[in-house]
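Accompanying notes for the structure given below.
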Amino acid sequence: MKRTLQAGLLLLTGAGVLRVSLFSDIVLRYVKAGLQPYVIASGVCLMALGLIGAVRDRPGRDGPAEDGPGHEHGQEQVREQVQEREHEHGHDHSHGPRIAWLLLLPALALLFYAPPALGSYTAARDNAKVVEDYDRFDPLPAHGPAPLSLTEFIARAQQDDRQALKDRTVLLSGFVTPGKNGTWDLTRLLVACCAADSQSLTVTMHGVQAPPADTWVKVTGTWHREGTLGTPSAALALDVTSLRRIPQPPSPYLDRAPAIDS
């Protein structure tokens with residue numbers, strides 16, 4: 003790969019990185035929000051390196067011109083000697099490794115088709131996230147469905163010895179992961195750093211037909227009576243009374259309680 007093409011590839015890659023991190027929040031499909039500034043900085047560095055390479059390798063950068071054919075002939079001889087020595091030692095520093103062309107595909111993908119966030123395919127093959135023990139639980143709202151994150155619902159179902167979920171309507175949100183025997187799971191994926199280390203939170207849904215896989219939904223329902231509420235035997239499941247499709251949130255790897263519809 004010639005140096006001018008190397009510079010162009012760096013510029014293309016940097017533009018793709020900045021497109022998903024600086025000019026949109028697409029980068030949150032791949033990394034946690036706290037890493038977004040570092041991704042932006044990486045895109046800026048790639049663009050700067052590409053610009054430097056393009057400027058250094060533009061025509062007329064070989065040095066100041068001198069009059070006389072002898073000088074030009076001497077320069078040509080020097081270049082030929084350098085190239086011969088490089089080929090003898092198996093090196094040609096005017097070209098980069100051909101494998102660098104493999105960077106072209108991800109760069110074009112970032113520019114024209116950014117891959118979606120992880121979804122049901124990953125969740126069905128993922129390790130379940132272990133919810134940490136809660137020291138205490140805040141009281142649920144006195145009226146209306148209680149909006150909960152999946153983390154809090156799971157913790158309350160299996161840790162809350164006051165059984166605050168008993169006969170209580172709750173509001174959850176997540177995406178659809180097809181299950182077995184006609185059931186389906188409401189799912190959230192959590193990441194510690196990036197999509198490669200994701201872990202899943204799932205609550206099994208009963209009472210309504212499964213929407214298409216990866217559909218984001220908001221569900222209302224009550225704890226599915228199976229096992230003993232407030233103990234590890236409590237089922238992580240919901241008897242759904244209503245369901246509504248919603249757009250994918252900007253930060254799909256944040257497990258937050260859904261907003262109550264006004």
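Note that our numbering numbers the sequence shown so that position 211 is 213, with each residue one more than the last.
Glycine is no exception: its CB is placed at the ideal position from the N, C-alpha and C atoms.
- By the beta-carbon neighbour count (other beta carbons within 10 angstroms, threshold 16), F177 is buried.
- The beta carbons of C196 and Y40 sit about 11 Å from each other, so the pair does not count as a contact at 8 Å.
- Taking C-beta separations shorter than 8 Å and ignoring five residues to either side along the sequence, the partners of K168 in its chain run W225 and L231, following chain order.
- Listed in chain order, the non-local C-beta contacts of A157 below 6 Å within the same chain comprise V133 and Y136, local neighbours out to five positions each way being set aside.
- In this structure, L152 lies near V205, with their beta-carbon atoms less than 8 Å apart.
- For T217 against S244, the beta-carbon gap comes to about 15 Å, at or over 8 Å, which does not count as contact.
- Here DSSP, grouped into helix, strand and coil, assigns G55 to helix.
- Shown here, R246 sits in a strand according to DSSP, grouped into three states.
- Cβ contact annotation for A111 (same chain, cutoff 8 Å, sequence separation greater than five): G18 and P117, in chain order.
- Within the region 113-141, the complete alpha helix (DSSP H) segments of 4 residues or longer fall at 122-126, listed in chain order.
- When DSSP reads this structure, R158 sits in no beta bridge, so it has no partner.
- By the Cβ-count criterion, A239 is buried, with 16 or more other Cβ atoms from all chains shown falling within 10 Å of its own Cβ.
- Note: G223 is bridge-paired with V172 and V242 in the DSSP secondary-structure output.
- One alpha carbon belongs to N129, the other to L53, and they sit about 44 Å apart.
- With contacts defined by Cβ atoms closer than 8 Å, L150 and K220 do not form a contacting pair.
- Under the DSSP assignment, R190 falls in the beta strand (DSSP E) whose first and last residues are W186 to L192.
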